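Protein chains in written order, with the working numbering: chain A, 30 to 266; chain B, 88 to 171. Ideal Cβ placement from N, Cα and C applies to all residues, glycine included. As the structure is a prediction and not an experimental result, all values here were calculated from the model. Notes follow the structure.
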Amino acid sequence: MNYTYLDCLASFGVGGAHPGGLQLTKSILSREYIDQEKSILDVGCGTGQTSAYIAEKYRCSVTSLDSNNTMLEKAKQRFLSLHPPINVMYGSVENLPFIDGLFDFILSESVTSFTDVSLTIQEFKRVLKPNGVLLAIEMVLENSFSEEELKTIVEFYGISQLLTESEWLNLFQKAGFKQIKVEKFKQQFDENNIDTVTDFSLSENIDDKLLEIFEKHEHLTTTYKDKLGFCIFRCCV
Amino acid sequence: MSVGDYYSLCQRYRGRAVEIVTHDGRIHRGIIGDVDNNSVYLQPLSRTRDLGGFGYGWYGYPGWGAGIALGAIATLALLPLLFI
């Protein structure tokens, strides 16, 4: 079997597999008005770290969607003890299994980058309520990549393209989002704050091939840590 | 730090990636899968290597392997892994 980076994340059960980890998630959400009446969609929920946090903190309706069954199983395990329960769904963000205008918030934590971005953003727009908000933490291309470096990254992570900040903005606008705010984000690691440190929900047997991907990823992130940018996009319908 | 201190630390860091250096100079990088009164068990982050000097992870053991004796730990630090 040919494993991908996303298979590797699933097998290791990487929680908060996005820049900034849970700490950034908490800080982004704290700026929003969220009460028990709100409904939030966490796309590409992974092992459910963010969803569980939202459900416990805000006591609102949370729907967690992922297209990887290993991830969903781990998320369900995590959610077992949660009240109110979280609605767990299998599905693709490029074709969301929801009716129009259902959610107040959508959270995409380094998920949209791994899909057909233009399709996915239109889907977000469709399932958000009027005045709904999309919060997305996504990779952005900064100028300093050579063609070859770009190719390495695009192929390894299985992404269709790496977008610049203005390309992202264009696509959000094209899909009909208004009031788009962008913030640049720099990766930080603080040994004293456990929220900045990834948590893993390991599968029982991890194939050597997956370890190989893990090593390559570590190598790439170390090599390009000053070149890969991340942005927080806040987009209103 | 005492064995008891390392036990508590490993409990706290369960499910996190760490780098442990043991008194024999070996470096172990992995995710803490389990800990008991005597040992900490890691899921390695690199493939098993033929060992000359440094040891990475476990060699030939299924599951968590034999573990690292808590008493053998010289230093233990969280690893700054990043994901996208």
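### Proximity winner among A/T144, A/F259, A/I235, relative to A/S195 (alpha-carbon distances)
The count along the first sequence starts at 1 and reaches residue 195 of chain A at position 166. The residue among A/T144, A/F259, A/I235 with its C-alpha nearest the C-alpha of A/S195 is A/F259.
#### Entry: Continuous beta strand (DSSP E) stretch holding A/T250: start and end
In the first sequence, residue 250 of chain A corresponds to position 221, counting from 1. Careful: A/T250 lies outside any beta strand (DSSP E), inside the alpha helix (DSSP H) at 237-252.
### Query
Between the beta-carbon of A/C265 and the beta-carbon of A/Q208, is there less than 8 Å?
The residue given as residue 265 of chain A occupies position 236 in the first sequence. The residue given as residue 208 of chain A occupies position 179 in the first sequence. Result yes, Cβ atoms of A/C265 and A/Q208 sit closer than 8 Å.
### Message
Suppose the cutoff is 7 Å on Cβ atoms and the five residues either side in sequence are ignored; what does the same chain contact list for A/L200 look like?
### Response
Counting from one through the first sequence, the residue named residue 200 of chain A turns up at place 171. Around A/L200: V146, S147, I150.
### Message
Alpha carbons only, please: which of B/L169, B/F170, B/I171, B/L165 is nearest the one belonging to B/I119?
### Response
In the second sequence, counting from the first residue as 1, residue 119 of chain B sits at position 32. Nearest C-alpha to B/I119: B/L165.
### Message
Just to check my reading of the structure: A/Y82 and A/K55 have Cβ atoms closer than 8 Å, yes? What is that Cβ distance to the nearest angstrom?
### Response
Start at 1 with the first residue of the first sequence, and residue 82 of chain A comes out as number 53. Start at 1 with the first residue of the first sequence, and residue 55 of chain A comes out as number 26. With 8 Å as the limit, A/Y82 and A/K55 qualify as a contact, their Cβ atoms being about 7 Å apart.
### Task
Identify the contact partners of A/L38 in chain B, using a Cβ-Cβ distance below 8 Å as the criterion.
Indexing the first sequence from 1 puts residue 38 of chain A at position 9. Neighbours of A/L38 on chain B, chain order: F170.
### Sequence-distant residues of its chain with Cβ nearer than 8 Å to A/T252 (five each side left out)
Within the first sequence, numbered from 1, the residue matching residue 252 of chain A stands at position 223. Hits under 8 Å: none found.
### Contact residues within the region 187-219 of chain A, judged by C-beta distance below 7 Å to chain B
When C-beta distances to chain B are compared with 7 Å, the residues of the region 187-219 of chain A below that value are Q216, F218, in chain order.
### Interface flag, B/G102 vs chain A, CB-CB below 8 Å
The residue labelled residue 102 of chain B in the question sits at position 15 within the second sequence. Residue contact with chain A for B/G102: present (Cβ-Cβ distance below 8 Å to some residue of chain A).
### Query
A/S40 and A/S232: beta carbons closer than 8 Å?
Within the first sequence, numbered from 1, the residue matching residue 40 of chain A stands at position 11. Within the first sequence, numbered from 1, the residue matching residue 232 of chain A stands at position 203. Yes, these two residues count as a Cβ contact at 8 Å.
### Message
Let me confirm a value: B/R99 is counted as buried when at least 16 other C-beta atoms fall within 10 Å, else exposed. Which label applies?
### Response
For the purposes of this step, residue 99 of chain B is taken as residue 12 along the second sequence, with counting starting at 1. Burial call: exposed.
### Task
Compute the distance between the beta-carbons of A/F229 and A/V43, then report whether it is under 8 Å.
One-based indexing of the first sequence puts residue 229 of chain A at position 200. One-based indexing of the first sequence puts residue 43 of chain A at position 14. Cβ atoms of A/F229 and A/V43: closer than 8 Å.
### Task
For the beta strand (DSSP E) containing A/D133, list its first residue and its last residue.
Counting from one through the first sequence, the residue named residue 133 of chain A turns up at place 104. It spans 132-138 - the beta strand (DSSP E) in which A/D133 sits, taken as one unbroken run.
#### Entry: Run of the beta strand (DSSP E) containing A/A165, from where it starts to where it stops
Here residue 165 of chain A corresponds to residue number 136 of the first sequence, with the count starting at 1. It spans 157-170 - the beta strand (DSSP E) in which A/A165 sits, taken as one unbroken run.
### Message
In the DSSP assignment, the alpha helix (DSSP H) including B/L165 goes from what residue to what residue?
### Response
Mapped onto the second sequence, residue 165 of chain B falls at position 78. Unbroken run through B/L165 is the beta strand (DSSP E), 160-165; no alpha helix (DSSP H).
### Query
Within 10 angstroms of its Cβ, does A/A84 collect 16 or more other Cβ (buried), or is it exposed?
Against the first sequence, residue 84 of chain A aligns to sequence position 55. Per the 10 Å Cβ criterion, buried.
### Task
Taking 8 Å as the cut-off, decide whether the C-beta atoms of A/D133 and A/K154 are in contact.
Residue numbering aside, residue 133 of chain A sits at position 104 when the first sequence is read from its first letter. Residue numbering aside, residue 154 of chain A sits at position 125 when the first sequence is read from its first letter. Not closer than 8 Å, so no.
### Task
For A/V162, collect the residues of the same chain with a Cβ closer than 6 Å to its Cβ; drop the 5 residues on either side in sequence, then sort them by chain order.
Stepping through the first sequence from its first residue, residue 162 of chain A is reached at position 133. Around A/V162: F134, C265.
### Message
Across the region 166-185 of chain A and the region 137-145 of chain A, are there enough close Cβ pairs to call them in contact, namely three or more that are closer than 8 Å?
### Response
Using a Cβ-Cβ distance cut-off of 8 Å, the region 166-185 of chain A and the region 137-145 of chain A are in contact, since at least three pairs of beta carbons, one from each stretch, lie closer than that value.
### Task
Kindly identify the DSSP beta-bridge partner or partners of B/E106.
Stepping through the second sequence from its first residue, residue 106 of chain B is reached at position 19. Beta-bridge pairing links B/E106 to B/R116, B/A164.
### Within 8 Å, strictly: CB atoms of A/G77 and A/F127
In the first sequence, residue 77 of chain A corresponds to position 48, counting from 1. In the first sequence, residue 127 of chain A corresponds to position 98, counting from 1. Against a cut-off of 8 Å, the Cβ pair of A/F127 and A/G77 comes out as no contact.
### Task
Please confirm if A/I63 has its CB atom under 8 Å from at least one CB of chain B.
Translated into positions along the first sequence, residue 63 of chain A becomes position 34. No, no contact with chain B.
### Query
Within this structure, are the beta carbons of B/F170 and A/L192 separated by less than 8 Å?
Residue numbering aside, residue 170 of chain B sits at position 83 when the second sequence is read from its first letter. Residue numbering aside, residue 192 of chain A sits at position 163 when the first sequence is read from its first letter. No, Cβ-Cβ distance for B/F170 and A/L192 is not below 8 Å.
### Query
Would you say the region 63-72 of chain A touches the region 233-253 of chain A, given that touching needs at least three Cβ pairs under 8 Å?
no
### Task
Consult DSSP for A/C37 and reduce its assignment to one of helix, strand or coil.
Taking the first residue of the first sequence as 1, we reach residue 37 of chain A at position 8. In this structure, A/C37 counts as helix in the three-state DSSP scheme.
#### Entry: Supposed close pair B/R104, A/T227 - CB separation, criterion 8 Å
The sequence position of residue 104 of chain B within the second sequence is 17, counting from 1. The sequence position of residue 227 of chain A within the first sequence is 198, counting from 1. Residue 104 of chain B is actually Ala in this sequence, not Arg. That belief holds up - the Cβ atoms of B/A104 and A/T227 are roughly 7 Å apart, short of 8 Å.
#### Entry: C-beta neighbour in chain A for B/L165, strict 8 Å
Here residue 165 of chain B is taken as the residue at index 78 of the second sequence, counted from 1. B/L165 counts as touching chain A.
#### Entry: B/G147 - DSSP class collapsed to helix/strand/coil
Taking the first residue of the second sequence as 1, we reach residue 147 of chain B at position 60. The predicted position of B/G147 is uncertain, since its pLDDT is 36 and thus under 50; no value can be drawn from it.
### B/V122 beta carbon less than 8 Å from that of B/I162
As a working mapping, residue 162 of chain B is identified with position 75 in the second sequence. As a working mapping, residue 122 of chain B is identified with position 35 in the second sequence. According to the sequence provided, residue 162 of chain B is Thr. The question's Ile does not apply to it. Not in contact: B/T162 and B/V122 (Cβ atoms no closer than 8 Å).
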